[in-house]
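Enquirer: Mature numbering (1 follows the signal peptide of the UniProt record, and there is no 0) puts the sequence shown at residues -21 to -1, 1 to 481.
Quick reminder that beta carbons are idealized off the backbone N, C-alpha and C, glycines included.
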Amino acid sequence: MKRIFFILLFIIGLSLQSVLAQEATDISHLFTEQKARVSSRQSPSLQITPIPSVETSDALPTTGEWKGKAIKIIPIDRFFPETDHFIPEGIKSLTTLKDGRIIGGGKDAFFIKFSADVAWKNLQLVEIPNSFDLDGIRFIRIAETNTSSDIYLDGDLGLVKLDKNYFLSEIEDPFDSSGHLKDFKDMAVGNRALAAFKNGNYGYTNGALYFIHKNILRKWLLPRPDPSRNSDSILGIFHDVSANNSLYIIVGCEAYGGICPFSDLAKQYLVRLQFSANTQVPLSATRLTKVSIPEFVSGQYIYKPRIKLNPDGKKTLYSILKTPQQKDRLAVIYDFKPNSPLLELHLYSIPSPSESVEAILDFVLDSDPNTDIVYAVTSGPSALWAISDLKPNIVPSIESIAEVNTQSLTMDSSKNIILGFGPSPPNTAAITIWSTVANPITPTSTNVSLQEIQINENALGFKIPTFSQFLTFAIRGFFVLAGLLALLFLLLGGACLDCFRG
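1. Go ahead and label Q304 buried or exposed: buried means 16 or more other beta carbons lie within 10 angstroms of its beta carbon, across all protein chains shown.
2. From N395 to L369, what does the alpha carbon distance come to, in whole angstroms?
3. So which of G399, N318, P348 and S376 has the shortest CA-CA distance to residue 482?
4. With C-beta atoms as the reference, is K294 less than 8 Å away from F275?
5. Buried or exposed for C232, going by 16 or more other Cβ atoms inside 10 Å?
6. Could you have a look at N395 and say whether DSSP puts it in helix, strand or coil?
7. Leaving aside the five residues before and after K301 along the sequence, list all residues of the same chain whose C-beta is less than 6 Å from its C-beta, in chain order.
8. In the DSSP output, what is H159 paired with across the bridge?
9. For A362, list the residues DSSP reports as bridge partners.
10. Compare the beta carbon distance of E382 and W364 with 8 Å and say whether it is the shorter of the two.
11. Quick one: grab the DSSP three-state call for S263.
12. Assess, as a yes-or-no matter, whether the region 138 to 156 is touched by the region 57 to 69 under the definition of 3 or more beta carbon pairs within less than 8 Å.
13. Quick one, which of S210, Y227, N209 and R285 has its alpha-carbon nearest F190's?
14. Just the C-alpha distance for G85 and H159, rounded to the nearest angstrom, thanks.
15. Since I6 is in the beta strand (DSSP E), which residue starts that stretch and which ends it?
16. May I ask you to report which of helix, strand or coil DSSP gives R308?
17. Compare the Cα-Cα distances from L104 to each of F111, I81 and V97 and report the closest residue.
18. Look at the alpha carbon of N349 and the alpha carbon of S367, and state the distance between them as a whole number of angstroms.
19. Please classify L296 as buried or exposed, where buried requires at least 16 other C-beta atoms within 10 Å of its C-beta.
20. Since S387 contacts L73 with CB under 8 Å, what's their CB separation in whole angstroms?
21. Here's a check: name, in chain order, each residue in its chain whose Cβ is nearer than 7 Å to the Cβ of G43, leaving out the five neighbours to either side.
22. Let me know if V374 comes out buried or exposed under the rule of 16 or more other beta-carbons within 10 Å of its beta-carbon.
23. Indicate whether N178 and K161 have their beta-carbon atoms separated by less than 8 Å.
24. Thinking C-alpha only, which one of F146, H325, Y145 and P108 is nearest G134?
25. Compute the Euclidean distance between the alpha carbons of A362 and V356, then round it to the nearest angstrom.
26. Between D129 and D391, what straight-line distance do the alpha-carbon atoms span, to the nearest angstrom?
27. Starting from I82, follow its DSSP beta bridges and name the residues at the other end.
28. Can the beta-carbon of Q247 be found less than 8 Å from the beta-carbon of I272?
29. Run the CB neighbour count on E151, radius 10 Å, all protein chains shown included, and call it buried at 16 or more, exposed below.
30. Candidates S148, Y354, T75 and K100: which alpha carbon is nearest E106's?
31. Looking only at its chain, what residues have a beta carbon closer than 6 Å to the beta carbon of A3, apart from the 5 residues adjacent to it on each side?
32. Check F400 in the structure and name its three-state DSSP category.
33. Decide if L322 is buried, meaning its Cβ has at least 16 other Cβ atoms within 10 Å, or exposed.
34. How many angstroms separate the CA atom of V336 from the CA atom of N257?
35. Looking only at C-alpha atoms, which of P284, G186, D351 and F59 sits nearest to D219?
36. Does DSSP put residue 561 in a helix, in a strand, or in coil?
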């Protein structure tokens, strides 16, 4: 009986060791790096001279209140009215940098507002030459440290990078007949580099993953074992600076023999990526855990996912779920743990007086770690919303702040919401500033939060384990030790046990 007990213990130990080892599966070999006649290239750079705005009055009056909190208006005449960069198409995107600067994208140009320029009277205009052919700047992504920034401008017709010395260059795509990098679904920035993805036409998916670092461009195709079927598709990409600068993608499993196990087709998985600018180093990809998306349909994707670190150490992932021919919804993963058995996406519609809004254009998270407020701008109707009390299985509080013609927003270092006007603006307002706190709108110096502190694991020489990784290691060690003791007992035929008795 004792031998049978130790045999069972040995088998259980090996079984659990095997199960635990499968929690994270290396799938690097499934991504195929696509190499053309040139693996990476970059067009000649051009140095740009910023154009200062016309000197105007210092006056920036408070023009009213929304929900008892002050609003101020920046007039159109401070946004280079002699050009067509911002009028009538509006400010397409807004981004706040760590040093307090605000970048706003328009048609073939963007402006820079410096943190000390409280009255928005000393803006700088950076024009994109026609030779770069961006058309409209849809998104701005900032690859930055605390000392310098590379600004990536994602346009309708290409991708352009501006370095800290104002040298402008287009990142060209040797894998596309047009030569331009375009049609990305979304992007993420990490470690001074840019990662992006795009999928093929709806119904004919051919997912591809891109990595851009300075003048290096690398591209990987998602597996497509059967040419007559779709490949797997990428549903979202995001960066977690608090986890050793990890980059993640969420994959929709559509290919037999693809990224996901055969038993889990039509499912979604979280995958951790490690990129390298060295073209001799292959992509590192690890499949981690399932992601549950309610009512999932082909063609969906998760837009602008962002992680917030809460005071209790837990993380929350916020994003927008976009679905073909359906209305956008706010999507939240509570207690985001990459090694948990399942990550569940909770979906919330934003109601309007008649029905839910058509599209969520953008959102920001309240910078206060003790709050869970999400500020979002929508179309149909055009409005600013505050969503709070976001908790699992509880109906959140959704409040309409104001109806406003906008298509972009950001939050500055003083917790002011900055709204850029949309197409066909009113005659006065280009930027609306709304204070989210009761005290007056005043500038403050930018503080680097704990979320922005980056750990260089290469400099440390080892990777800092998480608690779940430590616990997994301890459990594995216990069962390996138990299995070895059981094996030793079997080999000695119980002699050691007799020794202990004697």
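Expert: Reading it off the structure:
1. What you label residue 304 is simply residue 325 of the sequence shown in a count that begins at 1. So Q304 counts as exposed.
2. Counting from one through the sequence shown, the residue named residue 395 turns up at place 416. Counting from one through the sequence shown, the residue named residue 369 turns up at place 390. If you take the alpha carbons of N395 and L369, they lie about 21 Å apart.
3. Shown here, the chain extends from -21 to 481; a query on residue 482 therefore has no answer.
4. Within the sequence shown, residue 294 is the residue found at index 315, counting from 1. Within the sequence shown, residue 275 is the residue found at index 296, counting from 1. The Cβ-Cβ distance between K294 and F275 does not fall below 8 Å.
5. The residue given as residue 232 occupies position 253 in the sequence shown. Looking at its Cβ environment, which holds 16 or more other Cβ atoms inside 10 Å, C232 is buried.
6. If you number the sequence shown from 1, residue 395 lands on position 416. Strand, per DSSP.
7. Here residue 301 refers to the residue found at position 322 when the sequence shown is read from its first residue. Once the five neighbours on either side are set aside, the close Cβ partners of K301 are Y280, Y282 and D307.
8. As a position in the sequence shown, residue 159 is number 180, starting the count at 1. DSSP lists E151 as partners of H159.
9. Working through the sequence shown from its first residue, we reach residue 362 at position 383. The partner list for A362 (beta bridge, DSSP) reads T357 and E382.
10. Counting from 1 along the sequence shown, the entry for residue 382 is found at position 403. Counting from 1 along the sequence shown, the entry for residue 364 is found at position 385. For E382 and W364, no; Cβs fall outside 8 Å.
11. Locating residue 263 in the sequence shown gives position 284, where the first residue counts as 1. Strand at S263.
12. No, the region 57 to 69 does not touch the region 138 to 156.
13. For the purposes of this step, residue 190 is identified with residue 211 of the sequence shown, where counting begins at 1. Nearest option by C-alpha distance: Y227.
14. For the purposes of this step, residue 85 is taken as residue 106 along the sequence shown, with counting starting at 1. For the purposes of this step, residue 159 is taken as residue 180 along the sequence shown, with counting starting at 1. The alpha-carbon atoms of G85 and H159 are separated by roughly 20 Å.
15. Within the sequence shown, the letter at position 27 stands for residue 6. Looking at the DSSP string, I6 is not in any beta strand (DSSP E), and its letter there is neither H nor E.
16. Indexing the sequence shown from 1 puts residue 308 at position 329. Strand at R308.
17. In the sequence shown, residue 104 corresponds to position 125, counting from 1. Among F111, I81 and V97, the Cα nearest to that of L104 belongs to I81.
18. Taking the sequence shown and counting its residues from 1, one reaches residue 349 at position 370. Taking the sequence shown and counting its residues from 1, one reaches residue 367 at position 388. The straight-line gap from Cα to Cα measures roughly 12 Å.
19. Position 317 of the sequence shown, counted from the start, is the residue given in the question as residue 296. It counts as buried.
20. Indexing the sequence shown from 1 puts residue 387 at position 408. Indexing the sequence shown from 1 puts residue 73 at position 94. That pair is a contact at about 4 Å.
21. Taking the first residue of the sequence shown as 1, we reach residue 43 at position 64. Same-chain partners within the cutoff: I50.
22. In the sequence shown, counting from the first residue as 1, residue 374 sits at position 395. It counts as exposed.
23. To locate residue 178, count along the sequence shown from 1; it is residue 199. To locate residue 161, count along the sequence shown from 1; it is residue 182. No. Outside cutoff.
24. Here residue 134 refers to the residue found at position 155 of the sequence shown. Ranking the options by Cα distance to G134, first place goes to P108.
25. As a first step, residue 362 must be located in the sequence shown, where it is residue number 383. As a first step, residue 356 must be located in the sequence shown, where it is residue number 377. Roughly 6 Å between the two C-alpha positions.
26. Locating residue 129 in the sequence shown gives position 150, counting from the first residue. Locating residue 391 in the sequence shown gives position 412, counting from the first residue. When only Cα atoms are considered, D129 and D391 end up about 19 Å apart.
27. For the purposes of this step, residue 82 is taken as the residue at position 103 of the sequence shown. In the DSSP assignment, the residues bridged to I82 are T74 and I91.
28. Position 268 of the sequence shown, counting from 1, holds the residue named residue 247. Position 293 of the sequence shown, counting from 1, holds the residue named residue 272. Yes, the pair counts as a contact, with Cβ atoms nearer than the cut-off.
29. Position 172 of the sequence shown, counted from the first residue, corresponds to residue 151. Under the 10 Å beta carbon count, E151 is surrounded by 16 or more other beta carbons and is classified as buried.
30. The residue given as residue 106 occupies position 127 in the sequence shown. If we check each option's Cα against that of E106, S148 comes out closest.
31. The residue given as residue 3 occupies position 24 in the sequence shown. T265 and L267.
32. Reading the sequence shown from its first residue, position 421 is the one you call residue 400. Strand, per DSSP.
33. As a working mapping, residue 322 is identified with position 343 in the sequence shown. Label assigned to L322: buried.
34. As a first step, residue 336 must be located in the sequence shown, where it is residue number 357. As a first step, residue 257 must be located in the sequence shown, where it is residue number 278. About 45 Å.
35. Here the question's residue 219 lines up with position 240 in the sequence shown. For the residues P284, G186, D351 and F59, the minimum Cα distance to D219 belongs to P284.
36. Outside the displayed range of the chain (-21 to 481) lies residue 561, so it cannot be described from this structure.
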